[in-house]
Amino acid sequence: KGGAMYIPYAFSKELYTPPASNAILGMIASYQAGPVIYKYLMENNGVKSISFIARNESDPLNQRAEGLAAAEALGLQVLSSEDTYEAGTTDFFPVMSRIVQQNPDLIVLSGVAPSDAPLLIRTARELGYAGLISTETAQDAKILDEVAGEAANGFISVGGASTPAIRSETMEVFIEKYKEVAGEWNDEAGTKVYALEMILNTLSKAGPAALDDVEAFKAQLADFSMPNPFLQGDKQISYVGSGFFGQRRQIGVPMVVNEFRDGEFHTMFVGQVDP
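If you want this note's numbering, it's the position in the sequence shown, counting the first as 1, plus 297.
The structure is reproduced here in structure tokens:
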């Protein structure tokens with residue numbers, strides 16, 4: 298209504314689905330990462346059954362609902378999807394005991410906060426669970442290592458769109474500048490680096506008219522593409538999201554899926570959202 302474009306990092310589909318058209322999702326949404334992770338684990342780890350647990354808040358519950366729908370669409374056997382915990386919980390044994398007793402191949406921590414993830418993981422392992430644990434959100438390796446330690450080995454989460462193996466020199470320079478300001482690199486910043494580059498290059502293609510007319514800017518989104526300055530090789534980046542939102546209202550950042558091991562994240566695979 299205000300005649301402005303904006304790039305939020307919120308996952309609500311209503312922001313990006315017609316009749317809304319001025320918002321552009323700046324990162325991978327949990328409901329996009331979930332199906333990709335589940336399918337990968339089905340094909341590579343033999344996962345057949347799944348259980349979900351979420352904090353009793355709107356966003357984690359929404360992510361659980363999206364994950365549940367994706368799991369059912371893939372044909373996974375859902376053993377449980379109703380278990381929740383309250384914010385501030387420190388004793389996860391009661392809720393985790395119910396899930397571990399079912400022994401699913403995969404436990405999904407839907408929308409889990411970085412402070413809760415290591416406690417949930419450690420509890421599951423102490424209860425004897427030996428299966429896979431994952432989440433569709435980014436996590437903090439330092440917190441995982443300090444709180445869960447070796448119990449967090451094998452934990453799967455979405456990374457920050459940049460790994461040492463695929464980073465360009467431009468990204469390496471950005472990381473060093475970031476560390477000068479913040480003190481240490483946060484992998485999540487690897488997703489946020491794309492917005493400004495996409496805005497500037499889209500404006501350049503649209504011309505001066507787009508500075509005052511968002512319609513001129515939006516007219517470029519369907520066909521816009523540019524070399525990805527943050528990845529090695531001849532990679533392109535464009536706007537995506539038609540399959541989820543009915544229009545291209547998402548920056549096509551790489552979907553990096555990590556496995557935590559021995560205090561660090563290691564890349565499992567790199568995917569992408571379909572156009």
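All C-beta atoms in this analysis are idealised placements derived from N, C-alpha and C, irrespective of residue type, glycine included.
Fully enclosed by the stretch 339 to 385, which alpha helix (DSSP H) runs are 4 residues long or longer?
-> 355 to 371
From which residue to which residue does the beta strand (DSSP E) around residue 566 run?
-> 561 to 568
Residue 524 by DSSP, collapsed to three states: which one?
-> strand
Identity of the residues DSSP links to residue 242 by a beta bridge | The structure shown has nothing for residue 242, since the chain only spans 298 to 572.
Which partner residues does residue 464 have in the DSSP bridge list?
-> 528
Just confirm the distance between the C-beta atoms of residue 345 and residue 380, as a whole number of angstroms; I'd bet it's less than 8 angstroms.
-> The beta carbons of residue 345 and residue 380 sit about 20 angstroms from each other, so the pair does not count as a contact at 8 angstroms.
Cα-Cα separation between residue 472 and residue 398, rounded to whole angstroms | 43 angstroms
Do the stretch 509 to 520 and the stretch 475 to 484 make contact, defined as three or more Cβ pairs closer than 8 angstroms?
-> no
Below 6 angstroms CB to CB, which residues in the same chain sit around residue 333 once its five sequence neighbours on both sides are set aside?
-> Taken in chain order, the residues that qualify are 568.
Straight-line gap, residue 470 to residue 410 (C-alpha atoms, nearest Å) = Cα to Cα, residue 470 sits roughly 29 angstroms from residue 410.
Heavy atom of the ligand MG less than 7 angstroms from the Cβ of residue 336, yes or no?
-> The ligand MG is absent from the structure shown, which contains no ligand whatsoever.
Using DSSP with H/G/I as helix, E/B as strand and the rest coil, what is residue 404?
-> strand
Integer-rounded CB distance, given that residue 319 should sit under 8 angstroms from residue 303 = 7 angstroms
Is residue 522 buried or exposed, if buried means 16 or more other CB atoms sit within 10 Å of its CB?
-> exposed
Check whether the Cβ atoms of residue 372 and residue 491 sit closer than 8 angstroms, and answer yes or no.
-> no
Roughly how many whole angstroms lie between the Cα atoms of residue 340 and residue 361?
-> Separation of residue 340 and residue 361 (C-alpha to C-alpha, rounded to the nearest whole angstrom) is 22 angstroms.
Taking just the CA atoms, how far does residue 532 sit from residue 359?
-> Answer to the nearest angstrom: the Cα atoms are 33 angstroms apart.
Three CB pairs or more closer than 8 angstroms across the stretch 493 to 513 and the stretch 448 to 465 = The stretch 493 to 513 vs the stretch 448 to 465: no contact.
If you follow the alpha helix (DSSP H) that residue 417 is part of, which residue opens it and which one closes it?
-> 414 to 423
Apply the 10 Å Cβ neighbour rule to residue 493 and answer buried if 16 or more other Cβ atoms are within range, or exposed otherwise.
-> exposed
Look up residue 322 in the DSSP assignment and give the residues it is bridged to.
-> 547
Beta-carbon proximity of residue 434 to residue 455, cut-off 8 angstroms = yes
Which term fits residue 422, buried or exposed, when burial requires 16 or more other beta carbons within 10 angstroms of its beta carbon?
-> buried
Based on the DSSP output, what are the partners of residue 285 in its beta bridges?
-> It is not possible to answer for residue 285, since the shown part of the chain is limited to 298 through 572.
Alpha carbon to alpha carbon, how far is residue 535 from residue 504?
-> 18 angstroms
Cut-off 6 angstroms between Cβ atoms - residues of its own chain near residue 556, not counting five sequence neighbours on either side | 453, 563, 565
Within the stretch 491 to 522, note down every full alpha helix (DSSP H) run reaching 4 residues or more, in order along the chain.
-> 491 to 503, 511 to 515
Report yes if the C-beta distance between residue 313 and residue 558 is below 8 angstroms; otherwise report no.
-> no
Which first and last residues belong to the alpha helix (DSSP H) in which residue 444 is found?
-> 438 to 444
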